[in-house]
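Numbering (my numbering), first residue to last: 779 to 1001. Each residue gets a CB set at the ideal place from its N, CA and C atoms; glycine is no exception. The model shown is predicted, which means the values in this text are computed figures rather than measured ones. Written below as structure tokens is the structure these notes are about.
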């Protein structure tokens, strides 16, 4: 932590390659820069495969440990984020394979918001009705994303949530740019279908059909 304080604002501007170089030179405390820089991205990537928050946290920690152990193998030919994401995806898939024969059932008490995938902007001056619509919009989107299969969910998350380019996504997933486009198009189509199905359920909205329509219109215009 003392090293990070000494770096100050420099840490936010230091390129990944330089951070890696200094870590390999013995400044291992600088690995914290990479953790903080990519925590959100790595969370969303692994959350695309794993649903339980404890599993996601464990997978993230293991991904970072493996990345640190293999740091000498990173040669800078690809972006560090791409390299890290591939390690995270492999870790998530490995965990899925290891528990496939012993599935568990999780009951979500709904009391923890730490698992939010999609964040809408917070506006404390927003009136209660708009706040309710925003919260319901986020819930609809997250539940619909969770209904996508892994290969479509991860594409949608990397492109539409993380804002990554097609080439970077292709490098992360080991597929072609054209496959990225095809899967993204399919993911959006499936997501729209899921949103329409959810909005048609009578027990989805406790505050009435008019507000239900507003939410659906709001979401459909933004995906």
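For residue i, the three-state DSSP class (helix, strand or coil)
i           : result
residue 855 : coil
residue 838 : helix
residue 983 : Because the pLDDT of residue 983 is 40, which lies under 50, any placement of that residue in the model is unreliable, and the question is left without a value.
residue 811 : helix
residue 974 : helix
residue 953 : coil
residue 792 : coil
residue 868 : helix
residue 942 : coil
residue 926 : coil
residue 961 : helix
residue 727 : Any property of residue 727 remains undetermined from this structure, which presents the chain solely from 779 to 1001.
residue 905 : coil
residue 816 : helix
residue 821 : helix
residue 917 : helix
residue 826 : coil
residue 999 : coil
residue 848 : coil
7 Å CB neighbourhood of residue i in its chain, flanking five on each side removed
i           : result
residue 813 : 842
residue 822 : 895, 935, 939, 940
residue 961 : 929, 930, 933
residue 873 : 828, 833, 837
residue 871 : 827
residue 945 : 955
residue 809 : 801, 846
residue 972 : 922, 925
residue 806 : none
residue 816 : 859, 862
Cβ shell of residue i (< 6 Å), same chain only, five flanking positions each side left out
i           : result
residue 820 : 838, 866
residue 861 : 852
residue 857 : none
Neighbourhood of residue i by C-beta distance below 8 Å, restricted to the same chain and skipping five residues each side
i           : result
residue 854 : 795, 798
residue 964 : 930
residue 948 : 954, 955, 957, 958
residue 850 : 802
residue 937 : 944, 947, 958, 962
residue 952 : 864
Near the ligand ATP: residue i beta-carbon under 8 Å from a heavy atom
i           : result
residue 818 : This structure lacks the ligand ATP, and indeed carries no ligand of any kind.
Margin query: Whether or not the stretch 824-844 and the stretch 859-876 are in contact is what I'm after, with contact meaning three or more pairs of Cβ atoms, one per stretch, closer than 8 Å; do they touch?
Written below: By the criterion of at least three beta-carbon pairs nearer than 8 Å, the stretch 859-876 is in contact with the stretch 824-844.
Check: Is the stretch 909-918 touching the stretch 819-836 in the sense that three or more CB pairs, one from each, lie closer than 8 Å?
Finding: Touching, no.
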